[in-house]
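Chains as they are written, first to last, in the working numbering: chain A, 1 to 121; chain B, 1001 to 1121. For each residue, glycine too, the CB sits at the ideal point set by N, CA and C.
2 protein chains.
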Amino acid sequence: MYICSDVNRFSMKNSQLYKGSLTTIVMKLLEENGRMYGYEITQKVKEITKGELKITEGALYPALHKLEAEGVLEVEIENVDNRLRKYYKLTEKGTSETINRLAELEEFIKNMQSIVNPKLT
Amino acid sequence: MYICSDVNRFSMKNSQLYKGSLTTIVMKLLEENGRMYGYEITQKVKEITKGELKITEGALYPALHKLEAEGVLEVEIENVDNRLRKYYKLTEKGTSETINRLAELEEFIKNMQSIVNPKLT
DNA sequence: TTATATACATAAGATTTCTATGTATTAATT
DNA sequence: AATTAATACATAGAAATCTTATGTATATAA
């Protein structure tokens, strides 16, 4: 019988703000690191944000599959220590898409800062 | 007969990134301006972001109703030029919630910048 | 031997947002 | 005079995304 030991498998209080930013984060990390597999992405994000953002598997894997279906990512399956790994990397299309996404992110951050701190604008 | 003249009533290419930030934006604007009505909020955001972010009515009005139901906002209905206006302002609870939200927003922006620009971290 | 870490997956439900439509008044344009 | 645009609210259906929960499987640490 399978027993699920639910310790730290999920994010707990991820701010609503992160909604909509998952694919941008994934694409940026892949641009930076060449290729990564799903689990590695979750760990990397946790590390970068000092544990503040925990990407859930239920969000990540479907997102990766969608990006692959859209031709943004391509996958290489490997076997490491008898364990399956699916390495993802940006396609050519994905690379140019990432440039757009990062520009959008910069604009977004600028706009949010304008709203939060209208004096500086 | 009613004819809908659909010019500029909706946002067009709002980045996915804005998903999840609507209530934070609304709360911050109300903290800043004391009280505002829905239409005013849409115009203010358009102005602040120089037309880049256009809040849709289909998103805003349900969000305002929900925040009111949660006790974050309270409403004062007024009649101006034969037109209905519903002014919203933060409740006491809403004011303290806003402080939390803005802290979360700062963290979020910091984390997103860490991801985009890992060298500076 | 039990739990944790690694590594994938999907389905149900909740939530949010977009698109489209609806009503109504006033102001501007043609 | 008639039409369009602007002001001001509203809601319903669909789409998209994310959370929660569950499932399978191997390797390692306690």
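Residue i vs residue j beta-carbon contact at 8 Å
{"i": "B:Ser1114", "j": "A:Thr49", "result": "yes"}
{"i": "A:Glu78", "j": "A:Tyr87", "result": "yes"}
{"i": "B:Thr1024", "j": "B:Leu1105", "result": "yes"}
{"i": "A:Ala69", "j": "A:Leu22", "result": "no"}
{"i": "A:Leu90", "j": "B:Asn1111", "result": "no"}
{"i": "A:Gly20", "j": "B:Lys1093", "result": "no"}
{"i": "B:Leu1029", "j": "B:Lys1044", "result": "yes"}
Any chain A beta carbon closer than 8 Å to residue i
{"i": "B:Val1116", "result": "yes"}
{"i": "B:Asn1111", "result": "yes"}
{"i": "B:Thr1042", "result": "no"}
{"i": "B:Leu1105", "result": "yes"}
{"i": "B:Ile1048", "result": "yes"}
{"i": "B:Leu1102", "result": "yes"}
Cβ-based burial, residue i [other Cβ within 10 Å; buried from 16]
{"i": "B:Val1080", "result": "exposed"}
{"i": "A:Arg101", "result": "buried"}
{"i": "B:Lys1066", "result": "exposed"}
{"i": "B:Thr1056", "result": "exposed"}
{"i": "A:Leu73", "result": "buried"}
Chain B within 8 Å of residue i, Cβ atoms only
{"i": "A:Tyr18", "result": "yes"}
{"i": "A:Ser96", "result": "no"}
{"i": "A:Leu53", "result": "yes"}
{"i": "A:Ser15", "result": "yes"}
Chain-ordered neighbours of residue i on chain A, where CB pairs are closer than 9 Å
{"i": "B:Glu1076", "result": "Within 9 Å Cβ-Cβ: nothing; B:Glu1076 doesn't reach chain A, min ~23 Å."}
Residue i (DSSP reduced to helix, strand or coil)
{"i": "A:Ile77", "result": "strand"}
{"i": "A:Ser11", "result": "Because A:Ser11 sits at a pLDDT of 43, beneath the cut-off of 50, its placement in the model cannot be relied upon, and the point is left open."}
{"i": "B:Lys1028", "result": "helix"}
{"i": "A:Leu53", "result": "coil"}
{"i": "A:Asp101", "result": "Correcting the residue type first, residue 101 of chain A is Arg in the shown sequence and not Asp. Helix at A:Arg101."}
{"i": "A:Lys19", "result": "coil"}
{"i": "B:Met1001", "result": "Here the model assigns B:Met1001 a pLDDT of 38, short of 50, so the residue's position is not dependable and the matter cannot be decided."}
Within chain A, partners of residue i - CB distance below 7 Å
{"i": "B:Lys1028", "result": "Ile115, Val116"}
{"i": "B:Ile1025", "result": "Ile115"}
Residue i: contacting residues in chain A (beta-carbon distance under 8 Å)
{"i": "B:Leu1067", "result": "Here the premise fails: no neighbours, minimum Cβ distance about 13 Å."}
Cross-chain neighbours of residue i in chain B, by beta carbon under 8 Å
{"i": "A:Glu32", "result": "Pro1118"}
Under 7 Å from the C-beta of residue i: neighbouring residues of chain B
{"i": "A:Glu70", "result": "Those do not exist, as A:Glu70 stays about 13 Å from chain B at its closest Cβ, beyond 7 Å."}
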